[in-house]
Amino acid sequence: MPELGGRIHRAYDKMKKRDFIYYNEVVKPALVGLLGPWISGGIEFNWPQHHRPTTFMPTDFKIEEHEDGAVTVWIGEVEHMYGLQVTAGFKLYPNKALVEITGKVYNGNDTPRQFLWWSNPAVKGGDDHQSIFPPDVTAVYDHGKRDVSDFPIATGEYYKVDYSPGTDISRYKNLPVPTSYMADKSAYDFVGAYSHDEKGGLLHVANHHVSPGKKQWTWGNCDFGLAWDRQLTDSNGPYIELMTGVYTDNQPDFTWIDSHEEKKFTQHFLPYSNLDNVHNANTEVAIKLDRSGSFVEWAVYAISEIANYEVVISDKASVLAKHQLTMTPGDVVEESIELAESTRLTITIFNEEGRVCLSYLEHIDAKDEPTPDPASAPEKPEDVSSVEELYFIGQHLQQYHHATSDPADYYQEALKRDPNHYATNVAMASLAYDRADYQGTLKYSDAALERAHKLNKNPLCGRASYLRGCANEKLGRLDSAFSDVFKATWSSNCRDTGFFAAARIATKQDRLNEALEYAERALELNGTHYQAATLKVFLLNALNRHAEALRFIDEQSEMQPLGYGISFEKYQLTRSDIDLSAFKQL
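Numbering of the sequence shown is given in UniProt numbering, commencing with residue 1 and proceeding in unit increments.
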């Protein structure tokens with residue numbers, strides 16, 4: 001629904017005739033978002049931080065149909081907290097029972113930013129709800145890692161509730177207060193939820209190296225929680241938020257995104273049924289391997305069409321069972337085998353070429369690590385022992401947008417001890433630039449370069465030269481600015497940004513052919529430098545190379561489904577009503 005923040009409002013499993021995402025039949029906002037209104041149900045997308053400010057505001061959108069019958073709906077915006085362009089594509093395939101989400105986060109600023117991405121699917125609460133975390137999750141954290149608990153059996157105090165001697169906190173019915181928990185870590189690519197009464201659930205599948213965040217939130221199985229349910233829905237009852245984080249594993253847990261950098265990733269949400277537990281999953285199958293007395297129960301749920309696959313149950317010494325698999329999405333195969341001895345088992349799915357599709361090595365005792373410690377606050381600046389540590393504490397506070405501690409306090413203490421410390425001066429120059437304090441940017445950049453250029457003028461890092469050039473550009477000193485940003489291109493960490501800045505300055509000086517050369521150089525180094533792409537189209541148009549401009553726009557449209565700049569430039573070229581309408585829709 002582009003009208004309501006670009007959320008997925010309803011997701012229905014046609015085969016099992018059930019909503020696999022909590023469906024709230026009413027739009028009943030409450031004051032939960034950073035700017036106020038928020039609604040429960042569906043799948044909400046949180047950027048650049050949790051409790052997204054624009055969660056109840058309209059987004060731009062575009063519908064894209066593919067030759068294979070798949071359809072993608074793109075939604076997005078340029079958000080106003082940090083100036084990031086965020087795009088999400090929701091894709092449905094004709095032969096897969098899943099929703100594929102492609103996320104793109106682009107930083108078009110001259111300085112780095114920070115972001116997190118939490119997709120927030122709601123699932124039905126109640127006594128029959130259970131959160132299905134991977135089998136290696138043995139500890140969970142509160143927000144900011146302030147508190148920690150064993151998982152799934154909590155044995156101590158968490159959220160001021162005493163769960164001893166042991167309580168299964170994966171079950172909604174056992175959480176008597178509003179509760180968040182986020183997985184400490186996991187080597188698995190899935191997380192899910194299951195409704196035992198419906199014999200169905202939801203799975204999220206994504207590369208855990210990019211998407212480590214696995215979280216549950218509930219208002220609590222209590223009068224307070226039920227009161228909140230009444231505030232958010234008329235008749236659909238309690239829900240659970242099963243949140244999935246990309247480039248983040250906690251709230252807050254922000255990731256840096258550099259100037260003119262794009263981060264791109266993929267998530268999958270899908271229904272499943274009959275597997276009351278899941279031990280591993282990908283976009284083809286989900287598998288289960290459970291013990292019940294002397295029996296082992298195994299099951300396979302098909303997410304995609306599979307033909308001539310094979311499931312093998314084995315221990316170290318032998319194969320205990322084999323089964324051929326030809327399945328369509330939604331099919332389930334379940335069997336049990338009796339074991340004379342209790343040995344550690346593996347379930348493996350092989351594809352028709354004999355390669356491993358998915359496997360799971362049984363966790364006999366997953367609790368083989370001590371419970372991690374909660375996070376601790378950094379020392380006061382004057383108590384920190386080294387300049388380097390002061391710098392990194394400042395970076396952490398800046399990265400996490402800390403509410404009560406100022407990163408500048410740590411940076412200033414570092415500069416008090418070492419006035420020309422390069423990294424700290426660059427950090428302060430960046431903060432000054434973001435405040436439009438360009439004289440301050442020059443001050444700190446000059447101090448950084450005094451250290452970096454002491455022995456030679458070709459340092460590994462070009463950030464100080466780049467920032468000084470950007471500040472000089474803002475102050476109208478274009479010749480000095482050009483020299484600085486071009487010097488920054490000597491360093492690999494600033495080559496694309498430096499060439500784009502050079503193109504920008506050359507354009508202002510009406511050196512259009514030279515500017516085009518620099519814009520193309522920036523794109524060679526960074527193919528997703530969308531501002532360089534827009535500038536290239538503008539320059540081609542200005543140089544009367546219209547056919548080239550239109551060809552390049554077509555290429556870029558594949559990469560930028562919501563490309564505001566190139567869409568505007570296309571209309572400038574064609575002046576057609578169709579292109580004007582397409583631009584206005586964005």
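Using N, Cα and C, we set each Cβ at its ideal position, and we do this for glycine too.
Since this is a predicted model, take the numbers as computed values, not measurements.
Check whether residue i and residue j have beta carbons under 8 angstroms apart
i           : j    : result
Y466        : G498 : yes
V384        : I337 : no
I553        : I566 : yes
F486        : A464 : no
A299        : L270 : no
L539        : A515 : yes
K215        : V105 : no
G200        : M243 : no
E382        : E413 : yes
E100        : H268 : yes
I303        : L98  : yes
I75         : L202 : no
T179        : Y163 : no
residue 627 : L475 : The structure shown does not extend to residue 627, since the chain is modelled only from 1 to 586, so the question has no answer here.
N541        : Q585 : no
A154        : T138 : no
D128        : D19  : no
V148        : P407 : no
Selection from the options that minimises the alpha carbon distance to residue i
i    : options                   : result
V246 : Q398, D446, G237 and W256 : W256
N308 : A286, E352, K96 and A464  : E352
K96  : I63, D13, I43 and D147    : D13
R575 : Y159, L550 and A281       : L550
R52  : V86, W74, V73 and D68     : V86
E79  : T167, N493 and T55        : T55
D290 : E334, L270 and P329       : E334
Y411 : Y400, A429 and H401       : A429
D409 : Q114, Y194, P374 and Y391 : Y391
E25  : E524, N236 and H323       : N236
R7   : F61, L31, R18 and L562    : F61
D484 : A471, N280 and A281       : A471
T283 : P329, N277, E389 and D258 : P329
G126 : L226, T72 and F151        : L226
S342 : L320, S273, G192 and G354 : L320
Alpha carbon of residue i to alpha carbon of residue j, nearest angstrom
i    : j    : result
S359 : L325 : 15 angstroms
C357 : K443 : 57 angstroms
E517 : A403 : 44 angstroms
P37  : D253 : 23 angstroms
Y172 : I240 : 8 angstroms
G89  : G293 : 46 angstroms
P58  : P165 : 48 angstroms
T371 : Y141 : 10 angstroms
H204 : V210 : 13 angstroms
G144 : N250 : 7 angstroms
T218 : V177 : 8 angstroms
S480 : I505 : 10 angstroms
I169 : H363 : 19 angstroms
L34  : H401 : 14 angstroms
Q556 : A533 : 8 angstroms
M1   : H9   : 7 angstroms
Q114 : G469 : 23 angstroms
D496 : L525 : 6 angstroms
V71  : N46  : 23 angstroms
N277 : K416 : 57 angstroms
**Message:** As an exercise, report each continuous beta strand (DSSP E) stretch of at least 3 residues that is fully enclosed by the stretch 170–203, in chain order.
**Reply:** Within the stretch 170–203, the runs of beta strand (DSSP E) at least 3 residues long that lie entirely inside it are, in chain order, 179–183 and 190–195.
**Asked** In chain order, which continuous runs of the beta strand (DSSP E) of length 3 or greater are located wholly inside the stretch 23–88?
**Response** Runs of the beta strand (DSSP E) inside the stretch 23–88: 30–33, 36–38, 43–46, 60–65 and 71–78.
**Prompt:** Pairing CB atoms from the stretch 185–194 with CB atoms from the stretch 224–235, are three or more of them under 8 angstroms?
**Reply:** The stretch 185–194 vs the stretch 224–235: no contact.
**Prompt:** Is there contact here, the stretch 309–318 with the stretch 337–353, by at least three beta-carbon pairs under 8 angstroms?
**Reply:** Short answer: they touch.
**Message:** When you compare the stretch 116–132 with the stretch 29–46, are there three or more beta-carbon pairs, one atom per stretch, that lie closer than 8 angstroms?
**Reply:** The answer is yes - the stretch 29–46 touches the stretch 116–132, with three or more Cβ pairs under 8 angstroms.
**Prompt:** Hey, which unbroken runs of the beta strand (DSSP E) at 3 residues or more fall wholly within the stretch 294–321?
**Reply:** You should have 295–302 and 306–314.
**Prompt:** Taking only runs of the beta strand (DSSP E) that begin and end inside the stretch 201–254, which ones reach a length of at least 3 residues, in chain order?
**Reply:** For the beta strand (DSSP E) assignment, the uninterrupted runs of no fewer than 3 residues enclosed by the stretch 201–254 are, from N- to C-terminal side, 213–218 and 239–246.
**Request:** Would you list, in sequence order, the uninterrupted alpha helix (DSSP H) runs of no fewer than 4 residues that lie entirely inside the stretch 521–574?
**Result:** Entirely contained in the stretch 521–574, the alpha helix (DSSP H) runs reaching 4 residues are, in chain order, 530–542, 546–559 and 564–574.
**Request:** Please specify which runs of the beta strand (DSSP E), each continuous and at least 3 residues long, are wholly inside the stretch 334–400, giving them in chain order.
**Result:** The stretch 334–400 contains these whole beta strand (DSSP E) runs: 346–350 and 356–361.
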